[in-house]
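Structure first, then comments.
There are 2 protein chains.
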Amino acid sequence: MLLRTNTSSIRPVDGHLAALAGERVVCSEFKYRRGTEVFGEGEEAEYVYQIISGAVRTYKLLADGRRQINSFHLPGDMFGLENGATHRFTAEAVIETRVRITRRRGLLETMQSRQSGASSFLGLVTRNLQHAENHMLLLGRKTALERVAAFLLELDERLGHPTILVLPMSRRDIADYLGLTLETVSRACSILRDQKMLRFDGATQRQIVLLDRKGLAEYDA
Amino acid sequence: MLLRTNTSSIRPVDGHLAALAGERVVCSEFKYRRGTEVFGEGEEAEYVYQIISGAVRTYKLLADGRRQINSFHLPGDMFGLENGATHRFTAEAVIETRVRITRRRGLLETMQSRQSGASSFLGLVTRNLQHAENHMLLLGRKTALERVAAFLLELDERLGHPTILVLPMSRRDIADYLGLTLETVSRACSILRDQKMLRFDGATQRQIVLLDRKGLAEYDA
DNA sequence: GAGCGGATTTGATCTGCAGCAACTAAGGTG
DNA sequence: CACCTTAGTTGCTGCAGATCAAATCCGCTC
Numbered sequence: 000m001l002l003r004t005n006t007s008s009i010r011p012v013d014g015h016l017a018a019l020a021g022e023r024v025v026c027s028e029f030k031y032r033r034g035t036e037v038f039g040e041g042e043e044a045e046y047v048y049q050i051i052s053g054a055v056r057t058y059k060l061l062a063d064g065r066r067q068i069n070s071f072h073l074p075g076d077m078f079g080l081e082n083g084a085t086h087r088f089t090a091e092a093v094i095e096t097r098v099r100i101t102r103r104r105g106l107l108e109t110m111q112s113r114q115s116g117a118s119s120f121l122g123l124v125t126r127n128l129q130h131a132e133n134h135m136l137l138l139g140r141k142t143a144l145e146r147v148a149a150f151l152l153e154l155d156e157r158l159g160h161p162t163i164l165v166l167p168m169s170r171r172d173i174a175d176y177l178g179l180t181l182e183t184v185s186r187a188c189s190i191l192r193d194q195k196m197l198r199f200d201g202a203t204q205r206q207i208v209l210l211d212r213k214g215l216a217e218y219d220a
Numbered sequence: 000m001l002l003r004t005n006t007s008s009i010r011p012v013d014g015h016l017a018a019l020a021g022e023r024v025v026c027s028e029f030k031y032r033r034g035t036e037v038f039g040e041g042e043e044a045e046y047v048y049q050i051i052s053g054a055v056r057t058y059k060l061l062a063d064g065r066r067q068i069n070s071f072h073l074p075g076d077m078f079g080l081e082n083g084a085t086h087r088f089t090a091e092a093v094i095e096t097r098v099r100i101t102r103r104r105g106l107l108e109t110m111q112s113r114q115s116g117a118s119s120f121l122g123l124v125t126r127n128l129q130h131a132e133n134h135m136l137l138l139g140r141k142t143a144l145e146r147v148a149a150f151l152l153e154l155d156e157r158l159g160h161p162t163i164l165v166l167p168m169s170r171r172d173i174a175d176y177l178g179l180t181l182e183t184v185s186r187a188c189s190i191l192r193d194q195k196m197l198r199f200d201g202a203t204q205r206q207i208v209l210l211d212r213k214g215l216a217e218y219d220a
């Protein structure tokens, strides 16, 4: 829900959302504290979001609490744009996150009347689908080590191969993304560390230096 | 490749493909024998397909042969319509399958110039995405019994709750769709049979009568 | 900077599913 | 119909990863 967050500013900005619609669109900025819900599964899809800073997880739950994270969204990424009227999963801020928000209605109408808008919407959905197809292969057929290696390489790629990979999410989040337990993720990281594929930077376990991307890619079957 | 199949007829027909484009489109009918490839991963996406009869599986492979089936396509379903230029997975006929084929190029151009076409293309991609999201939850977090129950209910639903559910695919196909082994699928079916959730009809193991859809739905967490 | 609570690692044990093997059943062929 | 090939079931054993438990570490707050 929007009201639980403090509005940092409400002003028109342009960015990817505007580019998607092919023209300037009125947006507002919002901030979500770590762990807070951006929207819930089944809620009406009223807004569309683009991350300015921070990270968001989207997930589905089973009745007994088992959780599957579909995807993590990082700065620049858009999420929450549904074709139907309601959200098909829940979105939460992994860490303190600033987002740019715009109303779905205006955006979709604009897109329907403009060529480039419709096709970039389509491109967005297609990229999501492509990611999901790859992730099904990972979840259905890869081993724990292969999954963790693939995850690190995916994040490394999306962040533009930084020297230090700063993970915004916990081991439990990674586990729920990879269909594993947090202990198994932790053990896999330790194995990769022992094999000099990576090293932890500084005190934290959340800052990782990838020492052998090629070796990791071989793990990622 | 198309040339390996025998062309049953080349004539304009209308159907869902035409409806998608918002007008009549020239299509041909093709037939694929059981186990033959419709198109391969990485191939240029030249055609779009709609199943008249039979069934098709689409899948990805890992280097060592592990296979993950994304989805099964049944009569009426369309597949092979990519946004990019190449197919992201392989498609094979599960059993003898007749399809309606049209060139992607003409279809996409038609759609770009027509409102309804673009939005039904979007609807198609969105449905695929939605299916993938649900399947990730299954692959990441459900038990073997839950997966098999979910599979049977999915097929039952898609075939319109027939009295006898005729499975076109083998236990191995089901296993590769559910991220299990064929033995585990077989055992799960036996358990559900012993629990009177289902029964095999006639001689075959491919004809199943669902005796307790509600009970199955409870397994499907 | 001392103390607290959550995050992570690591170890020990357990278990659901995989892997292997043998058997049975079913469809296809001459 | 007899044969053969492929699909499916079932039993047995093994293992990857889950679960349980403990110790350690880290960031946070006061």
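Protein sequence lines, in the order shown, are assigned to chains A and B. FYI, the numbering for the first sequence is 0 to 220, going by numbering that gives the first Met the number 0. FYI, the numbering for the second sequence is 0 to 220, going by numbering that gives the first Met the number 0. Even glycine gets a Cβ: it sits at the ideal position worked out from N, Cα and C. Nothing here was measured: the structure is a model prediction, and the numbers come from that model.
Neighbourhood of residue i by C-beta distance below 7 Å, restricted to the same chain and skipping five residues each side
| i | result |
| --- | --- |
| V165/B | R205, Q206 |
| A54/B | F71, H72, L73, V93, I94, T96, P167, M168 |
| R157/A | L73 |
| H130/A | S70 |
Check whether residue i and residue j have beta carbons under 8 Å apart
| i | j | result |
| --- | --- | --- |
| Y135/A | M135/B | One point to set straight first is that residue 135/A is Met, not Tyr, in the sequence displayed. Taking 8 Å as the Cβ cut-off, M135/A and M135/B qualify as a contacting pair. |
| I163/B | D200/B | yes |
| L80/B | V37/B | no |
| E132/B | R66/A | no |
| T85/A | E42/A | yes |
| L138/A | L215/A | no |
| L128/A | L128/B | yes |
| G64/A | R140/B | no |
| R56/B | E91/B | yes |
| V124/A | V124/B | yes |
Residue i Cβ short of 7 Å to the ligand SAH heavy atom set
| i | result |
| --- | --- |
| R104/A | For the ligand SAH, the structure offers nothing, since it holds no ligand at all. |
Local Cβ density within 10 Å of residue i, reported as buried at 16 or more and exposed below that
| i | result |
| --- | --- |
| P161/B | exposed |
| K59/B | buried |
| T142/A | exposed |
| E217/B | exposed |
| R104/B | exposed |
| D175/B | buried |
| T203/B | exposed |
| R33/A | exposed |
| D219/A | buried |
| E22/B | Confidence is the limiting factor: at E22/B the pLDDT is only 49, short of 50, which leaves the residue's position unreliable and the question unanswerable from this model. |
Residue span of the beta strand (DSSP E) that contains residue i, given as start and end
| i | result |
| --- | --- |
| V47/A | 46-52 |
| F222/B | Outside the modelled stretch of chain B, which goes from 0 to 220, sits residue 222/B, for which no answer is possible. |
| V55/B | 55-60 |
| L209/A | 206-209 |
| R65/B | Run containing R65/B: none; DSSP gives neither H nor E here. |
| S27/B | 27-31 |
| F38/A | 36-38 |
Opening and closing residue of the alpha helix (DSSP H) in which residue i lies
| i | result |
| --- | --- |
| E95/B | That residue, E95/B, is in no alpha helix (DSSP H); it is neither H nor E in DSSP. |
| L150/B | Position check: residue 150/B holds Phe in this sequence, whereas Leu was assumed. Start and end: 143-157. |
| E217/A | 212-218 |
| E182/B | 181-193 |
| A174/A | 170-177 |
Chain-order list of residues whose beta-carbon lies under 8 Å from that of residue i (same chain, five-residue window excluded)
| i | result |
| --- | --- |
| G83/A | A44 |
| F150/B | I173, Y176, L177 |
Chain-order list of residues whose beta-carbon lies under 6 Å from that of residue i (same chain, five-residue window excluded)
| i | result |
| --- | --- |
| A197/A | According to the sequence provided, residue 197/A is Leu. The question's Ala does not apply to it. Answer for L197/A: L191, I207, L209, L210, listed in chain order. |
| I50/B | H72, P74, D76, V98 |
| R258/A | No answer is possible for residue 258/A: the residues shown for chain A start at 0 and end at 220. |
| G39/A | T89 |
| R212/A | none |
| R10/B | Any reading at R10/B must be qualified, since the residue scores a pLDDT of 38, below 50, and its modelled position is unreliable; the value itself is stated next. Result list for R10/B: empty, nothing under 6 Å. |
| K195/B | L210 |
| T35/B | A92 |
| S52/B | P74, R97 |
* Do the stretch 179-192 of chain A and the stretch 140-153 of chain A meet, that is, are 3 or more Cβ pairs less than 8 Å apart? -> yes
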